[in-house]
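Student:
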Amino acid sequence: MSLLTHAARRVRPVTAALTTATALLIACVVQTSPATAATAAATASRPTGSQADARADGGAPSGISTLSDKWNRPWAITFLPNGMYALVTERFTSTVHLLGRDGSKKMVGTVPNTVVPDVDPTKGSGGLLGVAPSPTWNGTTDKDVFFVHTAAEGTRIVRMKFDGKTLTGYTVLVGGIKRGADHNGGKIAFGPDGYLYVATGDAQTGSLAQNKNSLNGKILRITKTGAAAPGNPFGNRVYSLGHRNPQGFAWDTRGRLWASEIGEAKWDELNLIKAGANYGWPLCEGTCATAGMTNPKFVWKPEDGGVPAQVAIVNNVVYVTTLRGERLWRLPIDGTGQGIGAAKSYYVNAYARLRALTKVPDTNQLLMGTSDRGTDRDFVLKVTIK
270 MSLLTHAARR
280 VRPVTAALTT
290 ATALLIACVV
300 QTSPATAATA
310 AATASRPTGS
320 QADARADGGA
330 PSGISTLSDK
340 WNRPWAITFL
350 PNGMYALVTE
360 RFTSTVHLLG
370 RDGSKKMVGT
380 VPNTVVPDVD
390 PTKGSGGLLG
400 VAPSPTWNGT
410 TDKDVFFVHT
420 AAEGTRIVRM
430 KFDGKTLTGY
440 TVLVGGIKRG
450 ADHNGGKIAF
460 GPDGYLYVAT
470 GDAQTGSLAQ
480 NKNSLNGKIL
490 RITKTGAAAP
500 GNPFGNRVYS
510 LGHRNPQGFA
520 WDTRGRLWAS
530 EIGEAKWDEL
540 NLIKAGANYG
550 WPLCEGTCAT
560 AGMTNPKFVW
570 KPEDGGVPAQ
580 VAIVNNVVYV
590 TTLRGERLWR
600 LPIDGTGQGI
610 GAAKSYYVNA
620 YARLRALTKV
630 PDTNQLLMGT
640 SDRGTDRDFV
650 LKVTIK
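For reference, each letter of the sequence shown is one residue, going 270 to 655 in this note's numbering.
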């Protein structure tokens, strides 16, 4: 019986404090500090505020456990439309796994032609990156699954077929995206409008981010065939520009797109993405007064809990994993829907670098992947929000 019948330049060094794969994971040790985009000081220290206050604006992490172990740098976790199983990509092995809500794991294939620019996690961010199943995927009449990966000549957006057991086929939808040893973006997901959104990095060439005709340093919006989606602001595949290395994004309950971005040296960002908006890079890093640029809604100092990876939203609260910061951030969307309230961080330095992140469908739970702990030493963790 098949499983489906059941329903950066700144990528920073790994720290040494790790838990064992068989131990129960540290339970909800929280180190937090209020932070706002206005003060631009997202520094975690001692716990502040109460859990009751957190529940009032959408709940907060209340428990964490190991769902699955023996992973190798999981980059993305994306649920199939049935909500029971997720596809998980491993960055350097180029493999794709089917992960059940019960923690069951099965390797279903590899993405061909994947090239890793540098296997040292402190130097490169290529390999097999994001994954997005078609919103109408059912394994029979619709088998389409989409990936982002780095190849010999550049970064590609590709389509493959998945019948619930095996990944087959390989079609390049969009090529010509410059690849760097770093700054390759990689997030891919279908939006509420049914179109495919893709985050691309500047490939260590900042000027590309300001070039509306370049695919680099952008968030793209395309159809399932790779064509520019109707209504795009510049008549091509570009949806927003001025990005350095966007790593994750997710939509809130009002259909607004929030994206994390790794900066260069001073500030990392959380942005509210709007069609045609320019987010500043390389003219701006963090908040600036340059005309025509859109400022972030929240910023981190890289050395103070920053280097954001991926984004998930639960009850209109934005959650962001961090690499150098080695923590999960909770960032409540304010009453206007246009800003971020007091931020708190969780699981500080408890599991080393954190990257992959997704909401479990129809629950107040997150799945979160560790990264770069060593061969067969990464986890997929389950976080409960209450």
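Backbone N, C-alpha and C define an ideal beta-carbon position, used for all residues, glycine too. Nothing here was measured: the structure is a model prediction, and the numbers come from that model.
State the Cα-Cα distance for the pair Trp-406 and Val-365, rounded to the nearest angstrom.
Tutor: Near 16 Å, if we compare the C-alpha coordinates of Val-365 and Trp-406.
Student: Assuming Ala-621 is part of the beta strand (DSSP E), what are its boundary residues?
Tutor: Segment: none, Ala-621 is in no beta strand (DSSP E) and carries neither H nor E.
Student: Helix, strand or coil for Gly-500 per DSSP?
Tutor: Of the three classes helix, strand and coil, the one that applies to Gly-500 here is coil, per DSSP.
Student: Helix, strand or coil: which one does DSSP assign to Gln-479?
Tutor: Residue state, collapsed to three classes: helix.
Student: Report the partner residues of Met-429 according to the DSSP bridge assignment.
Tutor: Beta-bridge pairing links Met-429 to Val-414.
Student: Return the first residue and the last residue of the beta strand (DSSP E) that Gly-438 is part of.
Tutor: Taken as a continuous stretch (DSSP letters only), the beta strand (DSSP E) holding Gly-438 covers 436 to 446.
Student: Quick one: is Ser-640 buried, meaning 16 or more other Cβ sit within 10 Å of its Cβ, or exposed?
Tutor: Result: buried.
Student: Give the C-beta separation of Arg-513 and Gly-532 to the nearest angstrom, bearing in mind that I take them to be a contact with Cβ-Cβ under 8 Å.
Tutor: Right, their Cβ atoms sit about 6 Å apart.
Student: CB-CB under 8 Å to Leu-650, same chain, minus the five flanking residues each way: which ones, in chain order?
Tutor: Same-chain partners within the cutoff: Leu-294, Ile-333, Ser-334, Thr-335, Leu-336, Tyr-620, Leu-636, Met-637, Gly-638 and Thr-639.
Student: Judging by CA-CA distance, which residue of Asn-618, Ala-498, Ala-519 and Gly-455 is the nearest neighbour of Gly-486?
Tutor: Among Asn-618, Ala-498, Ala-519 and Gly-455, the Cα nearest to that of Gly-486 belongs to Gly-455.
Student: For a minimum of 4 consecutive residues, which ranges assigned as the alpha helix (DSSP H) are wholly contained in the region 543 to 602?
Tutor: With a minimum length of 4 residues, no continuous alpha helix (DSSP H) run stays inside the region 543 to 602.
Student: Under three-state DSSP, which class holds Glu-422?
Tutor: In the structure shown, Glu-422 sits in coil (DSSP, three-state: anything other than H, G, I, E or B).
Student: Going by C-alpha distance, which of Ser-403, Leu-552, Ala-420 and Arg-525 is nearest Asn-480?
Tutor: Among Ser-403, Leu-552, Ala-420 and Arg-525, the Cα nearest to that of Asn-480 belongs to Leu-552.
Student: Following the continuous beta strand (DSSP E) through Leu-336, name the residue where it begins and the one where it ends.
Tutor: It spans 330 to 340 - the beta strand (DSSP E) in which Leu-336 sits, taken as one unbroken run.
Student: Taking 8 Å as the threshold (C-beta atoms), are Gly-396 and Thr-383 in contact?
Tutor: Against a cut-off of 8 Å, the Cβ pair of Gly-396 and Thr-383 comes out as a contact.
Student: Note the first and the last residue of the continuous beta strand (DSSP E) segment covering Phe-518.
Tutor: Start and end: 515 to 520.
Student: Sort Leu-368, Trp-340, Ala-420 and Lys-493 by Cα distance to Leu-349 and report the nearest one.
Tutor: Of the listed residues, the one whose Cα sits closest to Leu-349 is Leu-368.
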